[in-house]
Amino acid sequence: MTITTRAWRSLIGLLLSMQLIAIVPCATGAEPASPVQWSIQPTAEELQLLQQSLSITELDKEIDRISVQEASTAKERSRTEAELQTREAALEQKREQAGRVLRAYYIGERDMMLQAVLSADQLQDMFQLFEYFQILFQSDQDIMNDYKEQTQALRQTRDQHMRLERELSTVRTQLIDQRDRLKRLQQKLDADISASSDPKAMNALIQEFTTYWQNVGLYEVRHYFRALANAMNKLPDFVKNSGSLSIEGTNYTITVKEEQLNQFLREQDPMFETFAFQFKEGMIAAEGSRSGMSVRIEGHYTIESEPENRILFHVDRMLFNGLELPESTRTELEEKFDLGFYPKQLVSFIEAKEVTIEDKSLTVKLALSW
């Protein structure tokens, strides 16, 4: 079967699927319980072009995200700029008041008043003058404290304003770089399509795959991550009840075997019946498939101290149906779904010190946190 025939048949199939989606509730607004299958088995040439197309699709989405971030940062910068002007005006007023107080002490007005208190002939007069002096001194102190607070507030606002300026500059640079990269990728894809055996059919195939990825594939990938995140919330209980935690003095060790983790995941969600983790030297791989879709995740763990002690999972590589997803998509999934492990959920007074991944085994060293 030629690429033209295959592509157009697939396109017709897609149109029928889109009609079905239009009458099935939540077909596009929620993750499909049984995903529509991608029936095409692309050739090496088609696979290369689909990879380029997927990168462009995700990069275009990343540009939209950065554009929103740029607008939000610019709005926040305008707010802090207005706040900065207000604080500068308020500080000027406090500066004048503080100046009058300092001048009074400098020329000896307060010393003269204190001398008058001490020189009073009557004890009652002395107490009255002393009370007045205390009120005046407290007023002076309040003025100086207000001036100090306004100065600190102004400094903080200026620092925030400068941070937003730097952030906005960085975001705009990222936006320009990503747009340039998108332009280069699009030009290369257009050139490769033109050089293919059937450009028209190739364009149709790419459009079909893009629609499939946006309406089905992306939901499937997120479905895996959401299920993993939900399972990770229950991991501390699993560690406690499975005998994976050992204690030696003030040192704690968690040892999780590959098969133990996979069995735990299968108990949390039936989808993990066809999805499994593999522990290899320095790397974790997870792979699964259903309804003609395959997902593979490769990553590693790091120990982070801020804002709290935790073991974070980082996605180094991710493939959907053999096509590698770009870094922007991996980062978005990392931020949206927390696959980390928090030792304090296990025992409140311990923290992770070391994490080691070996063949078929994951080991975490913990110690008391002082």
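Mapping of the sequence shown onto mature numbering (1 follows the signal peptide of the UniProt record, and there is no 0): residues -22 to -1, 1 to 348, in sequence order. We put the beta carbon where it would ideally sit given N, CA and C, even for glycine. Since the structure is predicted, the reported quantities are computational estimates derived from the model, not experimental observations.
Residue range of the beta strand (DSSP E) that includes residue i
i: phenylalanine 250; result: Where phenylalanine 250 is concerned, there is no enclosing beta strand (DSSP E), given that its DSSP letter is neither H nor E.
i: lysine 331; result: 328 to 336
i: glutamate 310; result: Segment 305 to 314 is the alpha helix (DSSP H) holding glutamate 310; no beta strand (DSSP E) there.
i: leucine 346; result: 339 to 346
i: serine 222; result: No beta strand (DSSP E) holds serine 222; DSSP gives it neither H nor E.
i: leucine 297; result: 288 to 298
i: asparagine 229; result: 229 to 235
i: valine 325; result: From DSSP, valine 325 is part of no beta strand (DSSP E); its letter is neither H nor E.
i: serine 272; result: 271 to 282
i: glycine 266; result: 261 to 268
Per-residue burial, residue i [other beta carbons within 10 Å of its own, 16 or more giving buried]
i: glutamate 329; result: buried
i: serine 283; result: exposed
i: threonine 35; result: buried
i: alanine 264; result: buried
i: arginine 141; result: exposed
i: glutamate 186; result: buried
i: glycine 270; result: exposed
i: serine 33; result: buried
i: glutamine -4; result: At glutamine -4 the pLDDT is 36, less than 50, meaning the model places this residue with poor confidence and gives no usable figure here.
i: threonine 309; result: exposed
i: glycine 221; result: exposed
i: glutamate 198; result: buried
i: threonine 148; result: exposed
i: threonine 58; result: buried
i: glutamine 128; result: buried
i: leucine 311; result: buried
i: glutamine 30; result: buried
i: isoleucine 225; result: exposed
i: alanine 8; result: A caution first: alanine 8 carries a pLDDT of 42, below 50, which makes its placement in the model too unreliable to give a value.
Beta-carbon contacts of residue i that lie in its chain and below 6 Å, excluding the five residues immediately before and after
i: serine 272; result: Asn299
i: glycine -10; result: Summary for glycine -10: the model assigns pLDDT 43, below 50, so the residue's position carries little reliability, and this model does not support an answer.
i: residue 381; result: Examination of residue 381 is not possible in this model, given that the chain is present from -22 through 348 alone.
i: lysine 338; result: Glu236, Phe257
i: valine 234; result: Ser222, Leu340
i: leucine 167; result: Gln30
i: proline 214; result: Gln323, Leu324
Residues near residue i by beta carbon distance below 8 Å, same chain, minus five either side
i: threonine 228; result: Ala345, Leu346
i: histidine 278; result: Gly260, Met261, Ile262, Phe291, His292, Asp294, Ile335
i: aspartate 42; result: none
i: phenylalanine 315; result: Arg200, Phe203, Arg204, Leu206, Ala207
i: leucine 37; result: Gln156, Arg159, Leu160, Leu163, Pro304, Ser306
i: leucine 223; result: Val217, Tyr230, Thr231, Ile232, Leu324
i: serine 12; result: Any reading at serine 12 must be qualified, since the residue scores a pLDDT of 46, below 50, and its modelled position is unreliable; the value itself is stated next. Cβ neighbours of serine 12 beyond the five flanking positions: Ser269.
i: histidine 139; result: Arg55, Thr58, Glu59, Leu62
i: leucine 146; result: Glu48, Thr51, Ala52, Arg55
i: glutamine 192; result: Thr35
i: asparagine 123; result: none
For residue i, the first and last residue of its enclosing alpha helix (DSSP H)
i: phenylalanine 203; result: 196 to 211
i: phenylalanine 187; result: 177 to 190
Own chain, CB closer than 7 Å to residue i, minus 5 neighbours either side, in chain order
i: arginine 244; result: Phe250, Glu251
i: isoleucine 171; result: Leu27, Pro177, Met180, Asn181
i: leucine 317; result: Leu206, Ala207, Met210, Phe291
i: lysine 212; result: Gln246
i: glutamate 40; result: Gln156, Ser306
i: leucine 153; result: Ile41, Ile44, Ser45, Glu48
i: proline 321; result: Asn287, Ile328, Glu329, Ala330, Leu344
i: leucine 239; result: Phe255
i: arginine 150; result: Glu48
i: isoleucine 289; result: Tyr279, Ile281, Gly318, Phe319, Ala330, Val333, Val342
> Per the contact definition of three or more C-beta pairs closer than 8 Å, is the segment 174 to 191 in contact with the segment 44 to 58?
Replying inline: no
> Touch check for the segment 247 to 254 and the segment 319 to 329: three-plus C-beta pairs under 8 Å?
Replying inline: no
> Quick one: any contact between the segment 160 to 169 and the segment 266 to 280, if contact means 3 or more CB pairs under 8 Å?
Replying inline: no
> Is it a yes or a no for the segment 128 to 135 touching the segment 55 to 69, going by three-plus beta-carbon pairs under 8 Å?
Replying inline: yes
>> Does the contact criterion of 3 or more C-beta pairs under 8 Å hold for the segment 334 to 342 versus the segment 302 to 316?
In response: no
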